[in-house]
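**Student:** Got a structure for you, written out below as C-alpha cells; questions coming shortly.
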Amino acid sequence: MSKRFLNKNIKLGKVVFLTSCFLSLIILPSFNTRNFFFIFDWNLYSFGPNENIYEIRWSNQNNFTYLFKEKNNLLKNDYKFPQIQMRILFNLIQRKKFDHVFSQYKAALKEICLCTNIEILKIETSWKKYLLSKDYSEINIEVLKEYNL
Amino acid sequence: MSLLLRLYYLLSIVPLIYHIRRILNSDIHLVPKESFAINFQNDYFFISISIIGIISWIVLSSNPMKRYMRAFYCLVFYCVCFLEYSFGKVDHYTHIWLYLNFLFIFIKDDGKNIKEIFSASKYLALSFYAIAGSWKIFSLVKYIKLNLISNYIYEVILHSVAAGILPRSGIANLFFENELILTFGFLMIIIFQLLNYTILFTEKYLNYLGYLAIAFHIITGMTLGMYFLPTILCLLVIFPIQNLLEDINEFKIYS
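So the protein lines, in turn, are chains Y and W. Quick note on our numbering: the first sequence kicks off at 232 and runs consecutively. Quick note on our numbering: the second sequence kicks off at 183 and runs consecutively.
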C-alpha cells in the first residue's frame, strides 16, 4: 500500500488540490456578483443569517399559515408538488425576487395554499428563534407586499 | 485503469438522471428572462439536452478513451446541472461529478497519464471538504464579530430546514432540539473537513480520509436525512474501487 504513495503522481494531486483551494477561496469570491459568466443569474454564496428572513403567508379561516415555517413537509419532497421547485422558491424569496416568483409560481402557489391572496413578510429575527418558537407575538413581523393569485 | 474510467462514466448516469428527472418534473421557466439563456429557454431545449446527454453517455460508456467525447459529455453534463440551478446554489450532490468530469478531459487518448489523473482525482475530491471546512471557519470568524456565535450552528442547520433540504422528523429532530448534540456534531464535521489539509503534507492518510468521507455521507444520511447518493457513488469509484484495482494489478505483477 505504501508504495502507491511514493510516486510522481502525488505532485499532480497536490497541484490540483491547491488550485482547487485557490480558485474557491481566493478567486471565486471576487466574482461574487449576480451575473456570473454573463449567462446565469446565479449567487455563488448563500445569504447569511444576519439578514432578515422573508416568508410567505396566507390566511385560512382567520388563521395564518406560514409556508417556510409550517409547511416543511411540503418542502421536504420536491416531487410532492412537481410543478414547483421548492428550494428555488425559497432562494428566490430570500433574495427578494418577489415579482419574479409571482410571475412564475402564481398557479403553483394557488394550488398549495388554496387561497386568493398571499402576503410577503419581513421578519427581523434569527432562523432559530423563528422556526423553533411557537408564539408569533414575540417576533417582529412586517408585511412587505400583497399579491392576488 | 480504463476499466475504472468506464465504471466512472457508467455511474455518471445517476447524477445525470437525477437532474433530468427534476427538470422534467418542473414546468416552470428556471432561467431569468433577462438572461442570455432565454434564447434557448423552452421545453424542447431541456428535452433535447437530456436526450443528447443520455446518447453521449451511451457512447462514452462504450469507449471512454476518446477525449473529444469526454469533453462533449462534460459540457452537456454542466448544461443539465447548471440550468436547473441557474438561480441559486448548485446542488452539493453533484459537485464532485462536475469537477471530476472536467479533470478527466485531461486523460490522453492513449491512456498514458490515466494513473496520474486518477491519483489527482483523489486530491480533488478531498479538496472540496477542505474548502467547505475553510468556509465554515470564515463564517465562524464573521459571527464572532457579530456576537452571534451561539446562533451560528442553528442558523446554518435551520436555514436548510426552512429551505426543505433537511427533514424535521425522526433523529433529525433530536439534533435540532438538543443544542449540545448539534454543536458536537457540527464541530466534528469541521474537524473532519479541515483534516483534509493534511494530505498536502503527508500522503499517509489520503485513503483513510477518502473512506472517512464515504462514512461521513452515510452517517449524515442516516441521521439528518441528507442522502448524498451521487457523491457516495463517485467516492466509491475514486477510493475503494481504484485501490482495489491497483492492488490487483500489483498482485499480477508480483505473481
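Quick reminder that beta carbons are idealized off the backbone N, C-alpha and C, glycines included.
#1: Could you give the first and the last residue of the continuous beta strand (DSSP E) run that contains residue 379 of chain Y?
#2: Report all residues from its chain with a CB closer than 8 Å to the CB of residue 291 of chain W; omit the five preceding and five following residues, and keep chain order.
#3: Can you give the Cα-Cα distance for residue 359 of chain Y and residue 435 of chain W, rounded to whole angstroms?
#4: Based on Cα-Cα distance, which residue from Y:297, Y:283 and Y:250 lies nearest to residue 366 of chain Y?
#5: Would you give the residue range spanned by the alpha helix (DSSP H) that residue 188 of chain W belongs to?
#6: Between which two residues does the alpha helix (DSSP H) harbouring residue 333 of chain Y extend?
#7: Who does residue 360 of chain W pair with in a DSSP beta bridge?
#8: Residues of chain W with CB closer than 8 Å to the CB of residue 333 of chain Y, please, in chain order.
#9: Measure how close the beta-carbons of residue 353 of chain Y and residue 283 of chain Y come, nearest whole angstrom, since I'm counting them as under 8 Å.
#10: In the DSSP assignment, what are the bridge partners of residue 348 of chain Y?
#11: Could you check the C-alpha separation between residue 253 of chain Y and residue 306 of chain W for me, to the nearest Å?
#12: Using a Cβ-Cβ cut-off of 6 Å (strictly less than) and excluding sequence neighbours within five positions of residue 408 of chain W, which residues of its own chain qualify?
#13: Distance check for residue 288 of chain W and residue 282 of chain W, CA to CA, integer angstroms please.
#14: For a cutoff of 8 Å on Cβ pairs, would you count residue 196 of chain W as touching chain Y?
#15: Contact defined as beta carbons within less than 8 Å: I believe residue 139 of chain W pairs with residue 310 of chain W. What is the distance between those atoms, to the nearest angstrom?
#16: Buried or exposed: which applies to residue 413 of chain W, given that a residue is buried once 16 or more other Cβ atoms fall within 10 Å of its Cβ?
#17: Please confirm whether residue 351 of chain Y and residue 287 of chain Y have their CB atoms less than 8 Å apart.
#18: Within the continuous beta strand (DSSP E) that includes residue 355 of chain Y, where are the two ends?
#19: By DSSP, does residue 369 of chain Y sit in helix, in strand, or in coil?
#20: Out of W:353, W:233, W:354 and W:358, point me to the one whose CA is closest to residue 337 of chain W's CA.
#21: Quick check on the DSSP output: the alpha helix (DSSP H) that includes residue 390 of chain W runs from which residue to which?
#22: In the DSSP assignment, find the unbroken beta strand (DSSP E) run with residue 295 of chain Y in it and report its ends.
#23: What residue from W:256, W:228, W:232 and W:433 has the CA that sits closest to residue 181 of chain W's CA?
#24: Between residue 387 of chain W and the rest of its own chain, which residues show a CB-CB distance below 7 Å, the 5 nearest in sequence each way excluded?
#25: Would you kindly check if the distance between the Cβ of residue 315 of chain W and the Cβ of residue 372 of chain W is under 8 Å?
**Tutor:** Taking the structure as given:
#1: 372-379 is the span of the beta strand (DSSP E), which, as asked, contains residue 379 of chain Y.
#2: Closer than 8 Å at Cβ, skipping near neighbours: 247, 248 and 249.
#3: 59 Å
#4: Y:297
#5: Unbroken alpha helix (DSSP H) run through residue 188 of chain W: 184-193.
#6: 329-335
#7: Residue 360 of chain W is not bridged to any residue.
#8: In chain order: nothing, as chain W lies at least about 12 Å away.
#9: With a Cβ gap of about 5 Å, residue 353 of chain Y and residue 283 of chain Y count as contacting.
#10: Y:379
#11: 12 Å
#12: 402
#13: Their backbone Cα atoms lie some 10 Å apart in a straight line.
#14: Answer no: the Cβ-Cβ gap between residue 196 of chain W and chain Y never drops below 8 Å.
#15: In the structure as shown, chain W starts at 183 and stops at 437, and residue 139 of chain W therefore has no counterpart that could be examined.
#16: Buried, because 16 or more other Cβ atoms sit within 10 Å of the Cβ of residue 413 of chain W.
#17: Yes. Within cutoff.
#18: No beta strand (DSSP E) contains residue 355 of chain Y, which DSSP labels as neither H nor E.
#19: DSSP places residue 369 of chain Y in helix when its eight states are reduced to three.
#20: W:358
#21: Counting along the chain, residue 390 of chain W sits inside the alpha helix (DSSP H) bounded by residues 388-406.
#22: Where residue 295 of chain Y is concerned, the enclosing beta strand (DSSP E) stretches over 294-297.
#23: Only positions 183 to 437 of chain W appear in this structure, which leaves residue 181 of chain W out of reach.
#24: In its chain, beyond the 5 residues on either side, 380 and 381 have a beta carbon closer than 7 Å to the beta carbon of residue 387 of chain W.
#25: yes
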